[in-house]
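This report refers to the structure that appears directly beneath it.
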Amino acid sequence: MRVLVTGGAGYIGSHACQRLLRDGHTVVALDSLYRGHREPMDLLAAQFPERFSFVHADIGDAQAVRSAVDGADLDTVMHFGAVAYVGESVEDPIWYYRNNIGSAVTMLGALDQARDGRGVDRIIFSSSCATYGDPPEGMIPVPETCPQHPTSPYGRTKLHFEHILLDYAEMRARAGRPLALTMLRYFNVAGCDRSGLLGEDHTPETHLIPVAIQAARGKRPGMSIFGTDYPTPDGTCVRDYVHVEDLIDAHVRAAERVPPGAREAFNVGIGEGYSVRQILDSVRRVTGRDFEVTESGRRAGDAIALYNDPSKIRRELGWSPEVTDIDEVVSTAWSWFEKHPDGYKS
Ligand code: UDP
């Protein structure tokens, strides 16, 4: 395959580039570097000089998108480029809609016109379990058929873009240019590349596992649990933490197996839920360190409990996670933070 990876310099996008390159594919990563990092791009360019290139541009730059696709005759797009914090999206919804919808629609138009109007053959979209919001009774673990009622602007941007892609795929089918469309609804992505090259480096960092690791390392004075009065066994939110390399494996399988004309949505999560307190216990076990934890109020936009029913992805893509032990997920993140205490800059 010849793949455009939008958001390729970000945490998940860079892991996708690495896997695709290791598998022998050609990759062009496109990233505004607003939150992504140049360092992983340089590392991958050094390892795969012939098959990898990096374009410093925003997904809303139609010309850059189109010339990236045309320049390397790319047939596949893995679209990761987005802003992706639930809390932040509540604070600044317009920015979330502008990026995740406005710029993404511009990108889609450019993709459609590329390759002399043939467009790309495959799109794999990074959607989210946040599109489900709080599933109704009987829908946890969450199947793909669960009604989608997001509880945050972030979740709504992902759901709207799913709909936009479905409309686009319909147009392509009618025009006799069938698109293979896959929407992967991620649960919580965690951990780092097990070969130690790539990591997780967010500014600001808000995700539970890296925040807890920073607290364990003494890089922050402590941390808070956002909400202890949820209707869950220990009162804290429950999430499904999938290792980033397993997540990327789902993308590769989707690219290989979803045929032209198909429009599929798959959940990607291991099928087991962990509470915030259980994650903090895992971080304590893996790091051997204790840290200050305070209990604070709920974070706006958070769903109560979300974990996956992995039946469909297992059945149709033959996917199952290699990393199922939460301590192993945490320890891959811990190893990277040990080597890079200040992220890629260190
Ligand atoms: N969380 C927390 N303290 C933190 C960061 C996160 O209690 O410092 C909770 C958060 O409220 C949610 C869970 O941990 O219930 C996972 O949050 P994260 O931001 O990692 O991912 P999200 O579920 O928002 O995608």
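Residue numbering for the sequence shown is 1073 to 1418, as defined by my numbering. All C-beta atoms, glycine included, are put in the ideal place defined by N, C-alpha and C.
| query | Since M1295 is in the beta strand (DSSP E), which residue starts that stretch and which ends it? | reply | Start and end: M1295 to F1298.
| C-alpha distance - Y1083 paired with T1304, whole-angstrom precision | Rounded to the nearest whole angstrom, the CA to CA distance from Y1083 to T1304 is 30 Å.
| Residue range of the beta strand (DSSP E) that D1103 falls in? | Looking at the DSSP string, the run of the beta strand (DSSP E) that includes D1103 is T1098 to D1103.
| query | From the DSSP output, which residues share a beta bridge with R1194? | reply | Answer is T1148 and A1252.
| Same chain, Cβ closer than 7 Å to S1354, five either side skipped, listed in chain order | Around S1354: I1398, D1399 and V1402.
| field | Distance between M1255 and P1332 (C-alpha atoms, nearest Å) | value | Roughly 14 Å separates the two Cα atoms.
| field | DSSP-derived helix/strand/coil call for F1120 | value | F1120 sits in coil when the DSSP states are folded into three classes, being neither helix nor strand.
| query | Within this structure, are the beta carbons of V1214 and T1148 separated by less than 8 Å? | reply | Taking 8 Å as the Cβ cut-off, V1214 and T1148 do not qualify as a contacting pair.
| So what does L1076 bridge to, in DSSP terms? | Bridge partners of L1076: V1100 and V1149.
| Nearest CA to the CA of G1341: which residue from A1334, D1321 and R1357? | The shortest C-alpha separation from G1341 is found at D1321.
| request: Kindly list the residues whose CB is nearer than 6 Å to the CB of F1126, restricted to its own chain and excluding five residues on each side of it in sequence; keep chain order. | output: Closer than 6 Å at the Cβ level, and outside the excluded window around F1126, lie A1101 and M1113.
| message | Run through the DSSP bridge pairs and tell me what T1366 is partnered with. | response | Beta-bridge pairing links T1366 to S1296.
| query | Is the beta carbon of I1285 within less than 7 Å of some heavy atom of the ligand UDP? | reply | The answer is no for I1285.
| message | With DSSP as the reference, identify every bridge partner of S1427, one or two as the case may be. | response | Residue 1427 lies beyond the residue range present for the chain, which begins at 1073 and ends at 1418; the question has no answer from this structure.
| Pick from E1364, Y1346 and A1327 that is closest to S1296, judged by C-alpha positions | Ranking E1364, Y1346 and A1327 by Cα distance to S1296 puts E1364 first.
| field | Segment limits, beta strand (DSSP E) that includes E1336 | value | If you look at E1336, you'll find it in the beta strand (DSSP E) that goes R1335 to V1340.
| task | Report yes if the C-beta distance between C1309 and I1385 is below 8 Å; otherwise report no. | result | Not in contact: C1309 and I1385 (Cβ atoms no closer than 8 Å).
| Does at least one heavy atom of the ligand UDP sit under 7 Å from the Cβ of F1298? | The answer is yes for F1298.
| task | Provide the residue span of the beta strand (DSSP E) that contains V1261, from first to last. | result | Membership of V1261 in the beta strand (DSSP E) is indicated by the continuous run N1260 to A1262.
| Which term fits K1230, buried or exposed, when burial requires 16 or more other beta carbons within 10 angstroms of its beta carbon? | Taking all protein chains shown into account, K1230 has 16 or more neighbouring C-beta atoms within 10 Å of its C-beta and is therefore buried.
| said: Suppose only complete runs of 4+ residues qualify. What are the alpha helix (DSSP H) ranges in the stretch 1164-1194, listed by chain order? | reply: With a minimum length of 4 residues, the continuous alpha helix (DSSP H) runs that stay inside the stretch 1164-1194 are 1165-1169 and 1176-1189.
| field | Helix, strand or coil at A1245 [DSSP, three-state] | value | Looking at A1245 - three-state DSSP - the assignment turns out to be helix.
| query | Are at least three pairs of beta-carbons, each pair with one atom in the stretch 1234-1247 and one in the stretch 1181-1199, less than 8 Å apart? | reply | Inter-segment contact for the stretch 1234-1247 and the stretch 1181-1199 is present: three or more beta-carbon pairs are separated by less than 8 Å.
| said: the ligand UDP and N1260: does the residue's C-beta get closer than 7 Å to at least one heavy atom of that ligand? | reply: Yes; taking the cut-off as 7 Å, the Cβ of N1260 has a heavy atom of the ligand UDP nearer than that.
| query | Under the DSSP definition of a beta bridge, which residues are partnered with R1257? | reply | Bridge partners of R1257: S1199 and N1339.
| task | Classify G1159 as helix, strand or coil using the three-state DSSP reduction. | result | Here G1159 carries a helix assignment [DSSP, helix/strand/coil].
| request: Can you grab the Cα-Cα spacing for the pair L1389 / H1274, in whole Å? | output: Each residue's alpha carbon lies about 30 Å from the other.
| query | Is it the case that the Cβ atoms of G1079 and G1132 are separated by a distance below 8 Å? | reply | No, the Cβ-Cβ distance between G1079 and G1132 is not below 8 Å.
| task | Look at the alpha carbon of T1098 and the alpha carbon of G1227, and state the distance between them as a whole number of angstroms. | result | When rounded, the distance between both Cα atoms is 31 Å.
| query | Would a C-beta distance cut-off of 8 Å place D1318 and V1395 closer than the cut-off? | reply | With a cutoff of 8 Å on beta-carbon distance, D1318 and V1395 are scored as near each other.
| request: Within 10 angstroms of the Cβ of T1359, are there 16 or more other Cβ atoms? Answer buried if so, exposed if not. | output: Taking all protein chains in view, the Cβ of T1359 is crowded by 16 or more other Cβ atoms within 10 Å, so the residue is classified as buried.
| request: For R1249, I'd like the list of residues in its chain whose CB is within less than 8 Å of its CB, leaving aside the five on either flank, ordered along the chain. | output: If we look at R1249 and ignore the five residues flanking it on each side, its Cβ neighbours are R1190 and G1191.
| request: Indicate, with yes or no, if the ligand UDP has a heavy atom lying under 7 Å from the CB of L1319. | output: Because no heavy atom of the ligand UDP lies under 7 Å away, the Cβ of L1319 does not count as near it: no.
| Three-state secondary structure assigned by DSSP to V1141 | Look at V1141 here: in three-state DSSP terms it is helix.
| said: I'd like to check one pair, A1136 with A1129: are the Cβ atoms closer than 8 Å? | reply: Yes, they are a contact pair.
| field | Nearest-angstrom Cα separation, counted from D1414 out to R1349 | value | About 25 Å.
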